[in-house]
Amino acid sequence: NGGGMNGTSTMMDFLEEPLPGVGTYEDFNTIDWVREKSRDRDRHREITSRSKESTWALIHSVSDAFSGWLLMLLIGLLAGSLAGLIDISAHWMTDLKEGVCLAGFWFNHEHCCWKSNTTFTDRDKCPEWMSWSQLILGHGEGAFAYILNYFMYVIWALLFSLLAVLLVKGFAPYACGSGIPEIKTILSGFIIRGYLGKWTLIIKTITLVLAVSSGLSLGKEGPLVHVACCCGNILCHLFTKYRKNEAKRREVLSAAAAAGVSVAFGAPIGGVLFSLEEVSYYFPLKTLWRSFFAALVAAFTLRSINPFGNSRLVLFYVEFHMPWHLLELVPFILLGIFGGLWGAFFIRSNIAWCRRRKTTKLGKYPVLEVFVVTAITAVLAFPNEYTRMSTSELISELFNDCGILDSSKLCEYVNDFNSTKGDDLPDRAAGPGVYTAMWQLALALIMKVFITIFTFGMKVPSGLFIPSMAVGAIAGRLLGLAVEQLAFYHHDWAIFSGWCSQGADCITPGLYAMVGAAACLGGVTRMTVSLVVIMFELTGGLEYIVPLMAAAMTSKWVADAIGREGIYDAHIRLNGYPFLEAKEEFSHKTLAMDVMRPRRNDPPLTVITQDSMTVEDVETIINETTYSGYPVVVSRESQRLVGFVLRRDLIISIENARKKQDGIVSTSIIYFTDHSPPLPPSSPSMLKLRSILDLSPFTVTDQTPMEIVVDIFRKLGLRQCLVTHNGKLLGIITKKDVLKHIAQLANQDPDSILFN
Numbered sequence: 001n002g003g004g005m006n007g008t009s010t011m012m013d014f015l016e017e018p019l020p021g022v023g024t025y026e027d028f029n030t031i032d033w034v035r036e037k038s039r040d041r042d043r044h045r046e047i048t049s050r051s052k053e054s055t056w057a058l059i060h061s062v063s064d065a066f067s068g069w070l071l072m073l074l075i076g077l078l079a080g081s082l083a084g085l086i087d088i089s090a091h092w093m094t095d096l097k098e099g100v101c102l103a104g105f106w107f108n109h110e111h112c113c114w115k116s117n118t119t120f121t122d123r124d125k126c127p128e129w130m131s132w133s134q135l136i137l138g139h140g141e142g143a144f145a146y147i148l149n150y151f152m153y154v155i156w157a158l159l160f161s162l163l164a165v166l167l168v169k170g171f172a173p174y175a176c177g178s179g180i181p182e183i184k185t186i187l188s189g190f191i192i193r194g195y196l197g198k199w200t201l202i203i204k205t206i207t208l209v210l211a212v213s214s215g216l217s218l219g220k221e222g223p224l225v226h227v228a229c230c231c232g233n234i235l236c237h238l239f240t241k242y243r244k245n246e247a248k249r250r251e252v253l254s255a256a257a258a259a260g261v262s263v264a265f266g267a268p269i270g271g272v273l274f275s276l277e278e279v280s281y282y283f284p285l286k287t288l289w290r291s292f293f294a295a296l297v298a299a300f301t302l303r304s305i306n307p308f309g310n311s312r313l314v315l316f317y318v319e320f321h322m323p324w325h326l327l328e329l330v331p332f333i334l335l336g337i338f339g340g341l342w343g344a345f346f347i348r349s350n351i352a353w354c355r356r357r358k359t360t361k362l363g364k365y366p367v368l369e370v371f372v373v374t375a376i377t378a379v380l381a382f383p384n385e386y387t388r389m390s391t392s393e394l395i396s397e398l399f400n401d402c403g404i405l406d407s408s409k410l411c412e413y414v415n416d417f418n419s420t421k422g423d424d425l426p427d428r429a430a431g432p433g434v435y436t437a438m439w440q441l442a443l444a445l446i447m448k449v450f451i452t453i454f455t456f457g458m459k460v461p462s463g464l465f466i467p468s469m470a471v472g473a474i475a476g477r478l479l480g481l482a483v484e485q486l487a488f489y490h491h492d493w494a495i496f497s498g499w500c501s502q503g504a505d506c507i508t509p510g511l512y513a514m515v516g517a518a519a520c521l522g523g524v525t526r527m528t529v530s531l532v533v534i535m536f537e538l539t540g541g542l543e544y545i546v547p548l549m550a551a552a553m554t555s556k557w558v559a560d561a562i563g564r565e566g567i568y569d570a571h572i573r574l575n576g577y578p579f580l581e582a583k584e585e586f587s588h589k590t591l592a593m594d595v596m597r598p599r600r601n602d603p604p605l606t607v608i609t610q611d612s613m614t615v616e617d618v619e620t621i622i623n624e625t626t627y628s629g630y631p632v633v634v635s636r637e638s639q640r641l642v643g644f645v646l647r648r649d650l651i652i653s654i655e656n657a658r659k660k661q662d663g664i665v666s667t668s669i670i671y672f673t674d675h676s677p678p679l680p681p682s683s684p685s686m687l688k689l690r691s692i693l694d695l696s697p698f699t700v701t702d703q704t705p706m707e708i709v710v711d712i713f714r715k716l717g718l719r720q721c722l723v724t725h726n727g728k729l730l731g732i733i734t735k736k737d738v739l740k741h742i743a744q745l746a747n748q749d750p751d752s753i754l755f756n
């Protein structure tokens with residue numbers, strides 16, 4: 001009944017029909033996983049019950065069940081197509097720094113020389129491809145030609161990088177960086193509006209090509225995960241159940257991340273494992289299979305879009321002719337130690353530089369920073385052929401096992417083919433070319449170790465996978481060459497006598513490069529299982545899983561001994577994102593009452609009563625506080641908990657009620673009960689908001705150990721829980737409070753957690 005509204009008015013729940021915006025979240029806030037999952041279960045139950053009523057309802061039920069697979073297909077197709085476009089464009093623009101194809105300017109160096117009649121050893125010197133000095137001066141020899149090529153290389157590099165940073169700064173600031181720290185945070189339930197939007201996708205795709213082509217020490221693999229997640233987020237809007245449910249959308253984004261790694265490395269299985277091990281917060285079994293489907297579709301789409309690329313199904317195909325020996329585990333473990341030390345050094349140095357960038361004037365001039373770093377990189381890179389070539393080509397050459405027809409400096413040994421059997425070459429004395437290559441690689445290693453620190457985190461798309469692998473591959477190849485020469489000259493030593501006789505092919509330097517690449521990537525990212533699987537899919541080397549695992553685990557242990565965080569977790573903490581790491585254990589003996597707010601001497605907890613506050617009272621609370629939600633209690637005196645209401649839902653509901661419901665004024669009573677409270681007949685219309693009230697907020701008692709509270713936040717994905725004592729409301733613990741408490745116990749700055 002009217003409950004005192006002049007005796008004749010009919011009482012109604014204003015929100016019987018859902019309002020646009022109710023149940024959604026504000027920017028830089030955390031979603032309520034429990035509520036989102038509950039809403040999806042209710043939606044599914046409703047569809048299932050209706051499917052028995054009519055044929056149309058049954059068809060709707062089937063299409064709803066199939067929509068997830070259709071969405072995975074679309075994500076795989078779009079992500080694979082964009083990756084193919086990026087791959088082709090980056091390859092062409094990288095070669096454009098050195099010259100142009102006369103047969104067609106759109107051909108890169110390799111494609112330009114395909115139809116050439118040059119010999120195998122001179123396959124890169126075809127007449128159809130001309131360097132800039134040949135094109136401008138008519139010849140490519142001499143000091144002036146070298147200076148002109150040098151100048152053009154630097155100019156193109158600066159042009160590409162400046163265009164990239166200006167596009168990012170002007171149109172999509174979120175398109176910079178790797179994107180994996182933010183995606184990891186978003187998948188944990190955080191909202192960053194626009195980070196996965198269409199403008200970010202467009203600008204990231206364009207600028208990723210430019211950044212990679214500029215020759216900066218970065219890769220496209222991490223940003224491709226961001227690109228794939230943008231595809232997933234945009235395509236989610238085609239399906240209602242994903243568009244309106246943030247938890248369901250994050251299932252899709254987990255699958256999209258797997259597709260991103262799949263197109264980055266051609267590693268569908270590794271992509272799924274990477275998403276499971278490194279990125280995803282919530283990963284149910286159905287998401288596992290859908291992720292694998294999306295990753296497969298993306299990988300095959302990439303192969304279809306870019307048929308002129310590597311014809312094999314792996315990025316760095318290797319064909320080593322000799323198995324590894326058990327004693328070689330010693331140098332492999334040494335490479336693991338190097339990878340762990342490099343990872344810890346890189347993380348500390350890069351975070352220190354990024355923090356300096358944020359707290360000083362340096363951060364105000366991103367264009368100048370990109371210009372200076374690109375100029376230094378290009379000037380240092382050109383004289384050394386191993387830094388001038390693209391990083392992917394460098395890794396491929398370092399992984400290569402020398403054959404008879406190889407013309408690389410790394411394969412210039414003192415030839416003795418008397419004992420050669422097919423491609424199985426014996427260990428030989430290193431020639432002048434090998435020693436020259438070793439010096440050049442040593443200089444390349446020093447350059448990449450330091451320049452990558454300043455490159456990662458600039459305002460251009462920048463991945464870390466390939467630069468880290470390059471550092472490890474160089475170190476591994478150098479160690480492999482050293483062990484090879486040691487075995488050749490000292491084959492009678494005890495460590496070699498049993499398995500490496502004179503004239504035998506027993507040491508494979510390319511294998512050492514592969515193990516070193518895995519070690520350094522593991523040291524930086526702290527990946528283990530997914531890293532080994534990605535390396536296997538990258539190279540096709542199934543028999544080398546044990547050396548890869550030994551190096552990956554060693555690098556992780558060494559890096560963890562120096563600092564617990566991988567590079568992505570370190571950047572999450574640097575940016576103040578509210579990410580609660582699921583892998584870390586909480587072992588401190590604190591209680592919920594030690595963490596909850598309000599603390600002692602703080603003002604009392606802000607609450608809303610269930611049936612005694614006016615619209616004006618509630619609006620005053622909203623205007624005077626910045627909380628994301630408010631507990632609803634029976635009365636201020638009893639403090640008996642009724643439920644929890646979100647700030648955003650309150651604002652939207654009151655605004656719409658004022659516009660559309662007659663009689664709602666500032667003195668109108670807001671109530672959250674089933675029945676309206678008794679009021680005098682002259683009272684204005686009341687506003688019933690029970691439908692936006694969460695009647696089952698998660699609660700703990702004040703004596704609950706924080707170890708259990710932290711576990712609840714992790715496993716249920718809570719944004720807040722309420723603290724009670726003997727049934728009375730005492731306080732509230734938010735995700736931000738938990739993170740601040742953990743930071744404080746770890747002797748870190750609790751105020752570094754910036755968001756809710």
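For the sequence shown, full-length UniProt numbering gives the first residue as 1, with consecutive numbering after it. Ideal Cβ placement from N, Cα and C applies to all residues, glycine included.
C506 carries a coil assignment under DSSP once its states are collapsed to helix, strand and coil. Contact annotation: A518 and A570 have beta-carbon atoms that are not nearer than 8 Å.
Between A513 and G463, the CB-CB gap reaches or exceeds 8 Å.
T699 is bridged by DSSP to L722. Taking a C-beta distance under 8 Å as the contact criterion, K220 and A172 do not qualify as a contact pair.
In the three-state DSSP reduction, V645 falls in the strand class (E or B).
When beta bridges are read from the DSSP output, V100 appears opposite M130. By the 16-neighbour rule on beta-carbons within 10 angstroms, A267 is buried. For D40, DSSP assigns no beta-bridge partner whatsoever. CA-to-CA, the gap between E412 and C402 works out to about 9 Å. The Cβ atoms of V449 and G431 do not sit closer than 8 Å to each other.
For the set E584, C126 and E277, the Cα lying nearest the Cα of W114 is the one of C126. DSSP places G629 in the uninterrupted beta strand (DSSP E) bounded by G629 to V633. The beta carbon of S213 lies closer than 6 Å to those of A90, M93, T94 and F160 in the same chain, with the five residues before and after it left out. Boundaries of the alpha helix (DSSP H) harbouring K204: K198 to S213, taken from the DSSP string.
For the stretch 351-422, not one full-length beta strand (DSSP E) segment reaches 3 residues or more. Setting aside the 5 residues that flank it on each side, I733 is surrounded in the same chain by A592, V595, M596, V709, Q720, C721 and V723, each with a C-beta closer than 7 Å to its C-beta; the list follows chain order. For D611, the secondary structure class from DSSP, reduced to helix, strand or coil, is coil.
Contact between the stretch 740-748 and the stretch 612-619 is absent: fewer than 3 CB-CB pairs across the two stretches fall below 8 Å. Counting along the chain, T452 sits inside the alpha helix (DSSP H) bounded by residues P432 to T455.
According to the DSSP assignment, L548 belongs to the alpha helix (DSSP H) that extends over I545 to I562. Taking 8 Å as the cut-off, the beta carbon of I75 is found closer than this to the beta carbon of G232. Taking W199 as the centre and dropping the five residues before and after it, the same chain places the C-beta of F171 and A172 closer than 7 Å to its C-beta, in chain order.
Taking the CA atoms as reference points, K589 sits about 7 Å from P705. Of the residues E537, E251 and E182, the one whose Cα lies closest to the Cα of A299 is E537. Of all C-beta pairs linking the stretch 141-150 to the stretch 348-365, fewer than three are shorter than 8 Å, placing the two stretches out of contact.
L368 counts as exposed, since fewer than 16 other C-beta atoms from the protein chains shown sit within 10 angstroms of its C-beta. Proximity of the stretch 187-199 to the stretch 277-290 meets the contact definition, three or more beta-carbon pairs being nearer than 8 Å. Between the stretch 61-70 and the stretch 745-752 there are fewer than three inter-stretch CB-CB distances shorter than 8 Å, so the stretches are not counted as touching. In this structure P509 is not in contact with L486, their Cβ atoms being roughly 12 Å apart against a cut-off of 8 Å. If only complete runs of 4 or more residues are kept, the stretch 726-756 shows the alpha helix (DSSP H) at 735-745, in order along the chain. Setting aside the 5 residues that flank it on each side, L398 is surrounded in the same chain by A473, R477 and A513, each with a C-beta closer than 6 Å to its C-beta; the list follows chain order. Counting only runs of at least 4 residues, the stretch 53-89 fully encloses no alpha helix (DSSP H) element at all.
Boundaries of the alpha helix (DSSP H) around I180: I180 to L187.
By the CB criterion at 8 Å, L531 and G522 fall inside the cutoff. In the displayed model, K660 falls within a helix according to three-state DSSP.
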